[in-house]
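Please read the structure below before turning to the comments.
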Amino acid sequence: MQQSNGMQQEPTISYRKALRQALREVLYADDRAFLMGEDVGRYGGAFAVSKGLLDEFGPERIMDTPLSESGFVGAGIGAAMAGMRPIVEIMTINFSLLAMDQIVNNAATLRHMSGGQVGVPIVIRMGCGIGRQLAAQHSHSWEPLFAHIAGLTVLSVGTLEDARWMLPAAMRSDDPVVILEYTSLLNSEGILDGNVGSVDIRTACVRRHGSDVTLITYGTGVPKCLAAAERLAESGIDAEVLDLRVLRPLDEQSILASVLRTHRAVVVEDAWRTLGVGAEVSARIMEHAFRDLASPVLRVAGVEVPIPYPKHLEDAAVPQVEGIIEAVRKVMS
Amino acid sequence: MQQSNGMQQEPTISYRKALRQALREVLYADDRAFLMGEDVGRYGGAFAVSKGLLDEFGPERIMDTPLSESGFVGAGIGAAMAGMRPIVEIMTINFSLLAMDQIVNNAATLRHMSGGQVGVPIVIRMGCGIGRQLAAQHSHSWEPLFAHIAGLTVLSVGTLEDARWMLPAAMRSDDPVVILEYTSLLNSEGILDGNVGSVDIRTACVRRHGSDVTLITYGTGVPKCLAAAERLAESGIDAEVLDLRVLRPLDEQSILASVLRTHRAVVVEDAWRTLGVGAEVSARIMEHAFRDLASPVLRVAGVEVPIPYPKHLEDAAVPQVEGIIEAVRKVMS
Amino acid sequence: MVDRFIMDAATAKGLLHQMLRIRRFEDASAEQYSRGNIRGFLHLYSGEEAIAAGVMQALRHDDIILSSYREHGHALARGIAPSVIMAEMFGMADGCCRGRGGSMHLFDVATNFYGGTAIVASHLPMAVGMALAIRKRDEHRIVCCFFGDGAAAEGTFAESLNLAALWSVPVLFVCENNQYAMGTALQYSHAEKDIAQKGRAYGIESVHVDGMDLLAVIDAMRHAEAVVRTARKPMLLVCNTYRFRAHSMFDAELYRSKDEVVQWKRRDPIDVFTTWATGCGLLTEDAVAQIETTVANEITEAVTMASQGDLEPVEDLERHIYATE
Amino acid sequence: MVDRFIMDAATAKGLLHQMLRIRRFEDASAEQYSRGNIRGFLHLYSGEEAIAAGVMQALRHDDIILSSYREHGHALARGIAPSVIMAEMFGMADGCCRGRGGSMHLFDVATNFYGGTAIVASHLPMAVGMALAIRKRDEHRIVCCFFGDGAAAEGTFAESLNLAALWSVPVLFVCENNQYAMGTALQYSHAEKDIAQKGRAYGIESVHVDGMDLLAVIDAMRHAEAVVRTARKPMLLVCNTYRFRAHSMFDAELYRSKDEVVQWKRRDPIDVFTTWATGCGLLTEDAVAQIETTVANEITEAVTMASQGDLEPVEDLERHIYATE
Ligand SMILES: Cc1ncc(C[n+]2csc(CCOP(=O)(O)OP(=O)(O)O)c2C)c(N)n1
Ligand SMILES: Cc1ncc(C[n+]2csc(CCOP(=O)(O)OP(=O)(O)O)c2C)c(N)n1
Ligand SMILES: [Mg+2]
Ligand SMILES: [Mg+2]
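Protein chains in written order, with my numbering: chain A, 11 to 343; chain L, 11 to 343; chain X, 6 to 330; chain E, 6 to 330.
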């Protein structure tokens, strides 16, 4: 970490590099930690996140696996049960369906089913999201499938800061943590505040304060909502942007605190609308802040379609800044 | 089908037997149809639903498969692509996670991804639900995982009538249909109205008319809500019971129509609360009927825990009639 | 062949005790099921006792065991008290999983017994991962993983064997081939019925053993120890056996003939061993009778203790979902 | 060995045309990718042409083909027009999937080409199911399913082979073993590197063939026809080959040496075949040059047509999710 000296411009860093720094940190910090997954080593990672780590840590710490998602996720679970701290990478969220049995029926279940005896401190990272024209079998926003599962902690990396600090925090959990990393954000750059040093993986985070309406979002929705908020500010609407960050267990308190101030909310997500995270957020506001709402909570969410390949259709399938602004105008009117 | 002659008591039939009659009907009606799955033949079906069918239809129509959920669901998809009408049974919903890749990345996706060329007319039946002390790896209510997936039709069998008539309707679909059958309802009995003859698998269904509050539910929630409504009637509260039946695509119109009349709603489901079907129903009511609500929509849902084995904990993990009544009293006050 | 002279009377007694305890425990389980004290799915191990007894006698206390839902025999042979298992099946708080698991999910970390998994074959990759941890830490213990012939048709089986071989981890896969997966006979599960050949196709040394013959199992375990514990390589042991009872309590056994069952019962592993051991003077009839009595008392006590247990308080339903709760 | 005398000049020309069309098409794809006209993941088939050409020449029009994301070669050899494939990769409405699929998802029901699947190995069970439909209807066509060496490590591979053998369905599995799964060399994917042995462990006749030698592939297909089309049994053909280009356009090729690539390029299947065919008088240098010219024109035309296409209207985004829309 570099201290800002006030004079010199702080160097920018990419989301990808922040993820890599996080990996390096946890691999140095704990020799029970190791990374495994398809092509994380010799290839350098499908999205180059783990590039260089094989040279730095060697093949016992950076393990290439065959194409066997169920097998190596299950092996990660076993290693965790036996006292290691495995980080398992699933290349993209589509392939996670091949390991769903292991993640749900085992990782999320064993502690309770064994009466508290067996913990599974595994971290499962996966490339997630839409926006690189990878089409229907390589791009989806299936956060809701994981956010529904009791026993998991589900993190969504919407900012550089979280890219850098969520993994170390997740490694301190004694239970399974799923981290969703967005392939469309990998090349995004910014300045990382060297003073942060850690993040809290139990709470949502206000990324922009505002008083008129709350934009509740996560992942790729964060930059979109921030952009929308800037545009809205021009026309005098002061939007708060709340990044949920932790999709399970949801930080209900932060959601309600914000909405009780603004009395208006729009939930924004790339995931399919029906049974998305937005539905849950809306239902909780309904249950706990109904009388405080000036206007119904609206959702801006993904169109319910297998993501098509061409750019114009892909863009049309997920929320864009314009659509967010439109929804905000609706709840303001 | 037997005609009631007004004199004689109509014979009762079990939910299991209604499911079996439906299978027989579709196997007789269409020689492209066949049933496959683990132990559907020689064993007689894990829950005895398909008992006797092997003798009646022979091993080409009733195919026992090895333990290979991904393989035989995928094979069902292939057979459907090639013009057959396969009915694939997954013994319980927990094991469906092993076939999730096939169901989501292939069955639900191929038509769109191929630009409309490739249809997948497969029906996937699975045993679902809680209540037979089968513990965390054999009992769950994971309807929400399927209800989230674009491209699927998801049916929930909450009544005898639907047990008897949903499958024939599903077989007429040119797209993948997932049918959730509840193991805890298999032995329930009742009289089947022989005049029905078919059901519509696009709409929700009012199981009890009422004017004070709408109980919105599905699956095992249906008998529970009907029981709660009876009890509520005793204290002068007239509850409508709306059985969603089709969890995807949701019949929003029926939901709104009922709520616009009653101005109050409680959603009841055994599934885990967070990101459950109830969340979606609540969010839609929020979006479209906010100003018509006399009181916020409440949810009575499953406790977010891997289902434990012992009866007292299993019962505590899912909604019971008492809890439904309590929630209704809350929205009425 | 096993060096039969190496066995002494005490060992023979111990082994018979193991097997008989399992048999009588399962009888009692069936009885308690019909009384409604045990619910849900119940899968009994009767007929397969020689495998649990023969494999387990070769394992050390720090070795790790994983099994399926048909795991009472393994749990008992591992040394979990009958009363604790029975209590678990009664759903009591003094069961090994505080009653949360039931028959299919026995876990006992104290004896390194890691389930009791009821998704067929889904414990195989976990076994590989536990062995990987052992290898990474350069420990000398091994992992032993039991599963059935049906499980070998799951893709997870293939993936797990391949990973174990690629990573060269100390895991012993024990396939209990009891000829059926529920009602599906071996030839309907596997086009190639020789399961050992599948092991070899994934680079794993694989052998067959007669699972009805305790001595053969013990013998096979000597070799397995050399491969897995000493040479630190995975291995597959395919034990041919038969379950004497139905698949579970929901099984009408339509798929096999009574005659077939009778044939296999002629090779009852307990009878075979008892005959041999008495024949060569390791056991007397008195000793056998005494073991029967001891076992009967153990089981009676287990049932009594289980039925006197307390239920987990309902307020604790949401405990143990996360570590901090 | 192939009966080399059976080939006539016309056939030789046709085969060379096939292979060259694929090679040049892939070159053009790479170029269009670098211009930004093709996006997403792009996997090229260069180096493996003898397999597509050799397998496809034995198939009938009503046979069914399934492939992975590295399927341009199969699609071209099957007879989908280069312009239609290029349009698909440009995301245009006149692509075979109306632009919705892109490079990894070519489907064309008119030629019985069923993908283009990008979840590795997930098309194998679909292939088995399509073959099952064929068997049930007693048709005489077959299913041919292409996949890679990496795919053989997925559990789905094992399940699919077993099902195919159990059900005895007419499916030909063609494993294109190009030595790598992305950056993972064969020995890191498979403890037992002989993939044919895996086929046998599931009860499937399995043979190896030199995938760089078109004649060897053609020869192997004669036998495969006898097994799959005539005897109606599944079969596994393992073709050893090499991809001359990177895995996809996102690949820095850190995992293999330039020298290794050079070595394999010495066995370029197009060169090997051309040398043989000219050597034995089936092709003249003129004929080869003429094919080169024809192919160049085909490809240029394909690119031109693709770039002149129209995009699917945004309003149609939600069409084709269900049959009725
Ligand atoms: C993934 C999965 N599919 C199906 C089942 C239902 N089921 C339970 S046991 C069983 C048969 C398993 O046979 P085998 O592996 O031979 O073990 P055995 O019961 O004979 O000991 C089946 C199909 C399951 N529990 N898990
Ligand atoms: C289930 C799944 N896991 C991972 C990937 C990412 N991936 C795409 S291609 C590939 C390698 C496949 O290798 P192989 O089967 O040998 O085919 P090849 O690319 O060499 O033709 C991987 C790991 C994927 N698409 N699907
Ligand atoms: Mg068995
Ligand atoms: Mg390859």
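From the three backbone atoms N, C-alpha and C, an ideal C-beta is built for every residue, glycine too.
At the level of alpha carbons, what is the spacing between residue i and residue j?
{"i": "ILE296 (chain E)", "j": "LEU21 (chain E)", "result": "8 Å"}
{"i": "LEU303 (chain L)", "j": "VAL291 (chain L)", "result": "14 Å"}
{"i": "PHE178 (chain E)", "j": "THR309 (chain E)", "result": "35 Å"}
{"i": "ILE304 (chain X)", "j": "PRO87 (chain X)", "result": "7 Å"}
{"i": "ALA327 (chain L)", "j": "GLY141 (chain L)", "result": "10 Å"}
{"i": "GLN12 (chain L)", "j": "LEU177 (chain L)", "result": "Note on GLN12 (chain L): pLDDT 40, under 50, position unreliable in the model; the coordinate value appears next. Cα to Cα, GLN12 (chain L) sits roughly 20 Å from LEU177 (chain L)."}
{"i": "LEU241 (chain E)", "j": "GLU164 (chain E)", "result": "14 Å"}
{"i": "GLY121 (chain E)", "j": "LYS234 (chain L)", "result": "47 Å"}
{"i": "HIS110 (chain X)", "j": "THR22 (chain L)", "result": "37 Å"}
{"i": "ASP273 (chain X)", "j": "ASP224 (chain X)", "result": "19 Å"}
{"i": "THR246 (chain E)", "j": "ILE226 (chain A)", "result": "52 Å"}
{"i": "ASN104 (chain A)", "j": "ILE317 (chain A)", "result": "12 Å"}
{"i": "PHE300 (chain L)", "j": "HIS128 (chain E)", "result": "46 Å"}
{"i": "ASN15 (chain L)", "j": "CYS215 (chain L)", "result": "In this prediction, ASN15 (chain L) has a pLDDT of 46, which is less than 50 and means its spatial position is unreliable; what the coordinates show is noted afterwards. Looking at the two C-alpha atoms, the distance is approximately 27 Å."}
{"i": "ARG309 (chain A)", "j": "ILE147 (chain X)", "result": "53 Å"}
{"i": "GLY155 (chain X)", "j": "ALA92 (chain X)", "result": "29 Å"}
{"i": "VAL293 (chain X)", "j": "ILE275 (chain X)", "result": "11 Å"}
{"i": "VAL306 (chain E)", "j": "VAL214 (chain E)", "result": "Sequence inspection shows Glu at residue 306 (chain E); the Val mentioned does not correspond to that position. GLU306 (chain E) and VAL214 (chain E): Cα-Cα distance of roughly 35 Å."}
{"i": "ALA311 (chain E)", "j": "GLY153 (chain E)", "result": "29 Å"}
{"i": "ARG218 (chain L)", "j": "SER24 (chain L)", "result": "21 Å"}
{"i": "PRO186 (chain A)", "j": "CYS244 (chain E)", "result": "41 Å"}
{"i": "VAL7 (chain X)", "j": "ASP218 (chain X)", "result": "Note that VAL7 (chain X) scores a pLDDT of 48, beneath 50, so its modelled location is shaky and nothing firm can be said."}
{"i": "ILE9 (chain L)", "j": "VAL188 (chain L)", "result": "There is simply no residue 9 (chain L) to check, as chain L begins at 11 and stops at 343 in what is shown."}
Report the residue from the options whose alpha carbon sits nearest the alpha carbon of residue i.
{"i": "GLY204 (chain A)", "options": "A:LEU225, A:SER221, A:ARG174, A:GLU191", "result": "A:ARG174"}
{"i": "ALA15 (chain X)", "options": "X:MET109, X:THR283, X:PRO318", "result": "X:THR283"}
{"i": "ASP49 (chain L)", "options": "X:VAL319, X:GLU320, X:ALA257", "result": "X:ALA257"}
{"i": "LYS27 (chain L)", "options": "L:TYR38, L:GLY62, L:ILE247", "result": "L:GLY62"}
{"i": "ILE124 (chain E)", "options": "E:ASN302, E:ARG142, E:GLU159, E:ARG272", "result": "E:GLU159"}
{"i": "THR75 (chain L)", "options": "X:HIS128, X:TYR327, X:GLN192", "result": "X:GLN192"}
{"i": "TYR185 (chain E)", "options": "E:SER253, E:CYS150, E:ASP143", "result": "E:SER253"}
{"i": "MET135 (chain E)", "options": "E:MET217, E:ASP67, E:ASP218, E:GLY216", "result": "E:ASP67"}
{"i": "ILE70 (chain E)", "options": "E:GLY78, E:ILE56, E:GLY41, E:PHE151", "result": "E:PHE151"}
{"i": "ILE159 (chain L)", "options": "L:GLY88, L:THR119, L:GLU314, L:SER124", "result": "L:THR119"}
{"i": "ALA57 (chain X)", "options": "X:ASN183, X:ALA80, X:PRO130", "result": "X:ALA80"}
{"i": "GLN268 (chain X)", "options": "X:ARG227, X:TYR260, X:GLY286, X:PHE249", "result": "X:PHE249"}
Are residue i and residue j touching if we call contact CB-CB under 7 Å?
{"i": "VAL331 (chain A)", "j": "ARG274 (chain A)", "result": "no"}
{"i": "SER151 (chain A)", "j": "GLY139 (chain A)", "result": "yes"}
{"i": "GLU210 (chain X)", "j": "VAL232 (chain X)", "result": "yes"}
{"i": "VAL114 (chain E)", "j": "CYS101 (chain E)", "result": "no"}
{"i": "ARG95 (chain L)", "j": "PRO131 (chain L)", "result": "yes"}
{"i": "GLU79 (chain L)", "j": "LEU108 (chain L)", "result": "yes"}
{"i": "SER1 (chain A)", "j": "LEU257 (chain A)", "result": "What the structure shows of chain A is the stretch from 11 to 343, and residue 1 (chain A) is not part of that stretch, so it cannot be assessed."}
Quiz prompt | Minimum length 4: unbroken alpha helix (DSSP H) runs contained in the stretch 78-138 of chain X | solution = 87-94
Self-check item: Below 7 Å from a heavy atom of ligand 3 - residues by beta-carbon
Solution: X:GLY153, X:ASP154, X:GLY155, X:GLU181, X:ASN182, X:ASN183, X:GLN184, X:TYR185, X:ALA186
Exercise. Go through the stretch 213-263 of chain L residue by residue and report every complete run of the alpha helix (DSSP H) that reaches 4 residues or more, in order.
Key: 231-244
Self-check item: Complete runs of the beta strand (DSSP E) confined to the stretch 154-217 of chain E [at least 3 residues]
Solution: 176-182, 210-215
Practice problem: Output the residue ranges of the beta strand (DSSP E) runs that lie fully inside the stretch 23-86 of chain L and measure 3 residues or longer, sorted by chain position. | Solution: 43-47, 72-74
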